[in-house]
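Structure, as structure tokens:
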């Protein structure tokens, strides 16, 4: 198996408050990873380091390195726009841009192929199909994305990220505001996507992590407590803390 | 003892609606007066012919054109400059002492009476730079005067764009400039347009600045260095010097109608834009 992301002794602090402490973690290609942990465990921060969205925050200090396909993401010289082109990101709340469904999906590809006038319809359709949204919107691609329901909007955001044709997909608590049916649809889409994508799913819903991922990392207060195959972590964890969290004793 | 709440509500509603009706009726009274006194003299000839005998007879065609030239040119200059400044202040800098000073300066500028701008324009553009009373001096002074309005309204509109839109754009590999042009400006466009419309209104109705910097020549300006007389100035001179009250009212009517037309056009454009981006 091929290593997609190699996180090596990564520490992150915001204004001298440490939020990630010496994290080391290998992420293999075409696997689904779950990052779980209670609030302030640093799991979302880790995601924003990988896609370099953390550079929009003030007072951030990082140590260690994050290698994505052999390039150090934290290197100041790295082309962050090229980097984000290879990563699809879905945020916790659905954020459709105020424009049509079609234009939302085409936003990324239009940036990517600036000088190329190609027909984006097939790509838009394919992205929507992968996000399990196509059947619901195929007749109204030119209507505003803001008119979709919350669950549809989040799948739109997934489709929009997929339209970049990324190898890596980061989802930061994508189902936190969604009903069970919408959540199921997102998970269904992820199950299909993991065949040719590396997926990192951040969630504090342990059941979702257990259902949808191959490997699980458990974070607590900026530390990686336990990391291993999801099945093992949920049936026979090494650490007492992991077991307590899974059983809902804290969190 | 509590006064009957139902009575209180009715009473308050009555007082508030009286206030609203009062405000509207003043507006209606002004417009009606001008309309009634002006309409008899407004016709195609009045709009399309040159004034004769200092404006006692004939039309206001050169004044209409002067007004359009002045407003269009100063908007053309002030809009990119104003929106650019607003983008710089909101998107490209962090809040520092420098931006606070810039913002304070802009706010102070918008509070200066127009006669001061006029005087400045006269001293600087007309005399010092030797542009004379001309369309050029008028345009440059007007640009300076309307700039603060455009900057402030644009800045407010840009600030109101949710930050999450920017984050989404960045996450889809957009650069800052792409984010500004593709997401921020389209979302802020209705607010920005409001500022531009307000500014057109100010340019069209301004007298003090225009008299000081553009002069009041009755001819049609054919170059940037020609003097010209806008409708507002024409109206002022006709009325102030007792040349012809009939023509003054007719000019005022054309002026008010054009401002109304600009506002209606602005609402139309704004609704189209909102419909496109939502």
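Residue numbers (the numbering used here), protein chains in the order written: chain A, 253 to 503; chain B, 466 to 743.
Note that beta-carbon positions come from the ideal geometry of N, C-alpha and C, so glycine has one too.
What are the partner residues of residue i, as DSSP defines its beta bridges?
i: residue 480 of chain A; result: A:468
i: residue 323 of chain A; result: A:320
i: residue 507 of chain B; result: According to DSSP, which records beta bridges pairwise, residue 507 of chain B is partnered with nothing at all.
i: residue 710 of chain B; result: Residue 710 of chain B is not bridged to any residue.
i: residue 270 of chain A; result: A:265
i: residue 734 of chain B; result: None, per the DSSP bridge assignment.
i: residue 315 of chain A; result: A:263
i: residue 255 of chain A; result: A:280
i: residue 275 of chain A; result: A:262
Quick one: does residue i have its CB under 8 Å from some CB of chain A?
i: residue 643 of chain B; result: yes
i: residue 639 of chain B; result: yes
i: residue 633 of chain B; result: yes
i: residue 619 of chain B; result: no
i: residue 630 of chain B; result: yes
i: residue 490 of chain B; result: no
i: residue 636 of chain B; result: yes
Would residue i count as contacting chain B if we go by Cβ distances under 8 Å?
i: residue 333 of chain A; result: yes
i: residue 297 of chain A; result: no
i: residue 336 of chain A; result: yes
i: residue 487 of chain A; result: no
i: residue 341 of chain A; result: yes
What span of residues does the beta strand (DSSP E) with residue i cover, start to end?
i: residue 330 of chain A; result: No beta strand (DSSP E) contains residue 330 of chain A, which DSSP labels as neither H nor E.
i: residue 588 of chain B; result: Premise fails: residue 588 of chain B is in no beta strand (DSSP E) and is neither H nor E.
i: residue 287 of chain A; result: 284-288
Need the endpoints of the alpha helix (DSSP H) that residue i sits in, please.
i: residue 492 of chain A; result: 492-498
i: residue 688 of chain B; result: Note, residue 688 of chain B: premise wrong, no alpha helix (DSSP H); not H, not E.
i: residue 643 of chain B; result: 641-644
i: residue 701 of chain B; result: 696-705
i: residue 677 of chain B; result: 673-678
i: residue 666 of chain B; result: 650-670
i: residue 502 of chain A; result: Note, residue 502 of chain A: premise wrong, no alpha helix (DSSP H); not H, not E.
i: residue 467 of chain B; result: No alpha helix (DSSP H) contains residue 467 of chain B, which DSSP labels as neither H nor E.
i: residue 647 of chain B; result: No alpha helix (DSSP H) holds residue 647 of chain B; DSSP gives it neither H nor E.
i: residue 302 of chain A; result: 295-302
i: residue 576 of chain B; result: Counting along the chain, residue 576 of chain B falls outside any alpha helix (DSSP H), and DSSP gives it neither H nor E.
| field | Within the segment 517-552 of chain B, ranges of the alpha helix (DSSP H) (whole runs, at least 4 residues) | value | 526-552
| request: With 8 Å as the limit, tell me which residues of the segment 412-438 of chain A have their beta carbon closer than that to any beta carbon of chain B; keep them in chain order. | output: 412, 413 and 416
| message | Closer than 9 Å between beta carbons: that is the criterion. Which residues of the segment 646-663 of chain B meet it against chain A? | response | 647, 648, 651 and 652
| task | Write down every uninterrupted run of the alpha helix (DSSP H) in the segment 410-459 of chain A whose length is 4 residues or greater and which is fully enclosed by it, in chain order. | result | As far as the segment 410-459 of chain A is concerned, its whole alpha helix (DSSP H) runs of at least 4 residues are 432-445.
| said: Under 9 Å, CB to CB, which of the residues in the segment 578-609 of chain B have a partner in chain A? | reply: none
| message | Please list, in chain order, the residues of the segment 672-686 of chain B that have any C-beta partner in chain A closer than 9 Å. | response | none
| Which residues, in chain order, does the segment 346-380 of chain A contribute to contact with chain B at a C-beta distance below 7 Å? | 347, 349, 350, 351, 359, 360, 363 and 364
| request: Run through the segment 336-420 of chain A for me and flag every whole alpha helix (DSSP H) of 4 or more residues, listed as ranges in chain order. | output: Taking only runs of at least 4 residues, the alpha helix (DSSP H) segments lying wholly in the segment 336-420 of chain A are 353-364, 373-382, 386-389 and 402-414.
| request: Return the chain-ordered ranges of every alpha helix (DSSP H) run that is complete within the segment 593-627 of chain B and spans a minimum of 4 residues. | output: Whole alpha helix (DSSP H) segments, 4+ residues: 600-624.
| message | Beta carbons nearer than 7 Å to chain A: which residues of the segment 546-557 of chain B have them? | response | When CB distances to chain A are screened at a threshold of 7 Å, not a single residue of the segment 546-557 of chain B falls below it.
| For the segment 282-306 of chain A, which residues have a CB atom closer than 8 Å to at least one CB atom of chain B, in sequence order? | 303 and 305
| Interfacial residues, the segment 696-723 of chain B to chain A, with Cβ spacing under 9 Å | Those residues of the segment 696-723 of chain B that come within reach of chain A (Cβ to Cβ, closer than 9 Å) do not exist; the list is empty.
| request: Compile a chain-ordered list of the residues in the segment 522-545 of chain B whose CB is closer than 9 Å to at least one CB of chain A. | output: none
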